[in-house]
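The structure appears below as structure tokens.
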Amino acid sequence: MLQTYSSPTVVPLEPEMSIPGALRRRARTTPDQVIVERHVDGAWQPRTAREFYEEVLDLARGLVAWGLEPGEKVGIMGHTSYEWTLADFAIWSAGGIPVSIYETSSPEQIAWIGTDSELVLVMAESEQLAERVRQAGVPHIRDVQLFGDIPALVGAGVEVEIAEVVRRTEALAGGDLATIIYTSGTTGQPKGVELAHQSFLYLAQNGARSSLHVLLDDPSYRTLLFMPLAHVFARFIEVLCITEAGILGHAPGAKHLVADMQSFRPTFLLAVPRVFEKVFNSAQQSAATGVRKRLFSLATKTAITYSRALDTPVGPSRALKAQHAVAMRLVLNRIREAMGGQLQWAISGGAPLGERLGHFYRGIGVTVLEGYGMTETTAPTTVNIPEHVAIGTVGPAYAGTEIGIADDGEIVVRGPHVFMRYHNNPEATAEAFTPEGWLRTGDLGSIDELGRLRITGRRKELIITAGGKNVSPAVLEDRFRGHPLVSNVVVVGDQRPYIGALVTLDEEMLPGWLEGKGLPKMTMAEARHHPEVRDSLARAARRANRAVSRAESIRRIVILEGDFTEHNGYLTPSLKVKRNLVLKDFAGAIDELYAASVDSIEVTPADTTSD
């Protein structure tokens with residue numbers, strides 16, 4: 001029997017409203033409100049709703065002059081930027097359908113996306129990306145325009161009447177196709193997910209006016225978007241900020257995130273767990289030795305203890321409050337300042353954050369709201385409620401949506417935010433839904449008595465050992481990645497006698513870790529074989545094993561030579577490991593685990609030591 005939970009709708013569906021129509025409405029109702037800031041020559045320049053709308057109209061006129069017809073597809077390829085968002089809204093306003101392309105996409109991937117969606121134009125960030133598009137040889141593409149060509153496009157559109165753009169915008173309805181977002185392709189060829197205008201707007205309106213309004217209800221609240229706009233999560237936040245509330249800033253990625261946050265000073269942020277891990281590990285490494293290390297460790301424990309106490313009926317004791325105040329003053333405020341000093345809220349999705357980090361960040365004054373969603377649900381389908389955060393869960397159903405747990409534990413979803421269909425793929429579309437119209441997510445979970453969802457694994461990733469034990473790798477991988485030296489972990493063991501793990505090292509964290517241990521500098525290759533590195537990772541595996549039964553615990557690990565990255569194809573742009581590809585390409589390393597070779601590391605029973 002299906003166990004279900006839903007959250008009430010706050011704002012009813014507006015069938016007649018499109019995304020560019022919602023921007024037009026905001027420009028009319030709050031014309032002087034700043035909705036976006038553009039980074040130019042080291043300074044953030046504000047754009048009001050009216051100013052941004054006028055820029056969108058000008059570029060839309062240029063696209064009409066170029067020859068874009070309503071319903072035609074336009075690719076956008078580049079890092080997250082003001083120009084990306086401007087192009088997105090201009091294409092919509094001209095009646096076109098933007099199709100996002102990751103800036104890391106190869107010519108082969110571009111060829112698939114461009115041919116499948118029948119792109120007629122691509123707007124690319126740079127000449128290098130434009131050349132990649134040309135190499136793809138997509139037959140329908142008539143032109144590639146650079147972000148730098150936007151002024152020329154605008155100039156070419158001066159002869160086009162604004163009324164023509166307004167007419168095209170008004171012709172759009174909420175149920176019309178807004179965009180095609182291609183899945184990251186962790187398993188097989190990417191599928192084009194068709195999403196309607198109303199799916200984005202329904203979530204944006206209900207988010208801005210539901211319990212999440214505390215993130216957005218002050219016009220000065222601001223978010224820095226650094227995740228790829230080709231990803232549905234970032235795209236949703238873009239639409240939310242531009243059409244509803246908040247001030248949006250753009251950063252090209254996470255490489256210079258700390259500097260960008262210090263410059264922009266966001267009040268809320270969205271990220272994947274790996275970003276929060278990096279910030280914590282960097283802070284930990286900066287206090288790598290002696291008194292500073294002990295002080296950081298004590299402050300961390302105090303923050304976590306304080307956060308856990310917030311969930312008790314009596315709350316933190318007077319003594320704990322005093323300890324927490326000292327820890328904030330001596331250590332923890334520096335981490336807040338590194339994130340801009342104003343950050344209060346963060347939304348994390350894509351993978352489990354882990355209770356340790358969740359409590360740590362809340363303990364320093366940054367509440368991380370874990371959520372759950374997928375491309376097919378226009379991003380959020382559950383999210384923790386600010387006033388009732390349940391760390392370790394991904395919260396209840398998002399306002400106006402419905403979730404369920406099938407008999408086999410699979411999470412199913414229903415609501416206006418669910419996608420229309422897979423582009424040109426009716427077979428996959430049919431397989432994605434139950435006869436009752438529920439979207440099959442492929443993820444496993446449970447719902448508690450308050451309707452909060454807990455993710456327990458992914459059905460396709462479930463490991464069944466030779467002894468018949470079902471093991472979900474997510475909890476082990478999440479805990480193992482808490483070690484500062486660990487970049488990625490893939491737990492293995494399907495039809496094998498026990499559970500093992502493939503581990504990659506974090507090259508950025510290695511020098512600081514070695515210094516903190518009083519060890520000499522060494523290469524990644526040398527670190528793989530160094531006894532102290534190997535012993536430390538074995539202890540990390542033992543700590544991860546505390547979360548599971550002995551039959552599910554990691555018995556051996558292998559440290560791989562390189563790391564998994566977007567560039568070598570083992571990570572998706574949202575930093576998820578392409579598990580099937582890893583299992584295929586590293587079959588030899590997996591065999592080493594079960595042959596107990598000298599390169600593999602035995603994990604003895606759990607201990608209580610720490611690194």
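Taking full-length UniProt numbering, the leading residue of the sequence shown gets 1, the next gets one more, and so forth.
Ideal placement from N, C-alpha and C gives every residue a C-beta, glycine not left out.
Nothing here was measured: the structure is a model prediction, and the numbers come from that model.
- As the crow flies, the alpha-carbon of ASP217 is around 8 angstroms from that of GLY246.
- In the three-state scheme derived from DSSP, where H, G and I count as helix and E and B as strand, LEU248 is classed as strand.
- Within the same chain, Cβ atoms closer than 8 angstroms to the Cβ of THR48 are found at PRO31, ASP32, GLN33, VAL34 and ILE35, the five residues on either side in sequence being excluded.
- The C-beta of GLN3 has fewer than 16 other C-beta atoms within 10 Å across all chains shown, which makes the residue exposed.
- Close CB contacts of ARG458 within its chain, under the 8 angstroms cut and outside five residues either way in sequence, are with GLY442, ASP443, LEU444, SER472 and ALA474 (chain order).
- Contact annotation: ARG496 and TYR594 have beta-carbon atoms nearer than 8 angstroms.
- In the DSSP assignment, ALA390 falls outside any alpha helix (DSSP H), carrying neither H nor E.
- Where THR4 is concerned, the enclosing beta strand (DSSP E) starts and stops at 3-6.
- Within the region 461-542, the complete beta strand (DSSP E) segments at least 3 residues long are 486-492 and 499-505, listed from N- to C-terminus.
- Counting only runs of 3 or more residues that sit fully inside the region 204-261, the beta strand (DSSP E) segments are 222-225 and 247-250, in chain order.
- Between LEU485 and LEU537, the C-beta spacing is below 8 angstroms.
- In the DSSP assignment, ALA43 falls within the beta strand (DSSP E) that extends over 43-48.
- In the displayed model, GLU355 falls within a helix according to three-state DSSP.
- LEU195 sits close to THR179, with the two beta carbons spaced by under 8 angstroms.
- Rounded to whole angstroms, SER117 and GLU170 show a C-alpha spacing of 24 angstroms.
- Distances from the CA of GLU337 to each of ILE364, ILE76, GLY148 and GLU16 were compared; the closest alpha carbon is that of ILE364.
- Distance from the CA of TYR361 to the CA of THR267, rounded to the nearest whole angstrom, comes to 14 angstroms.
- Three or more Cβ pairs closer than 8 angstroms define a contact, and the region 387-403 falls short of that threshold against the region 147-167.
- Per DSSP, the beta bridge partners of GLU37 are PRO46.
- Within a 10 Å sphere around the beta-carbon of GLN198 sit 16 or more other beta-carbons, which makes this residue buried.
- When DSSP states are grouped into helix, strand and coil, THR382 belongs to the strand group.
- DSSP places PHE586 outside both helix and strand once states are collapsed to three, so it counts as coil.
- By the neighbour-count definition (other C-beta atoms within 10 Å, threshold 16), SER106 is an exposed residue.
- Taking the Cα positions, ARG334 is about 28 angstroms away from THR393.
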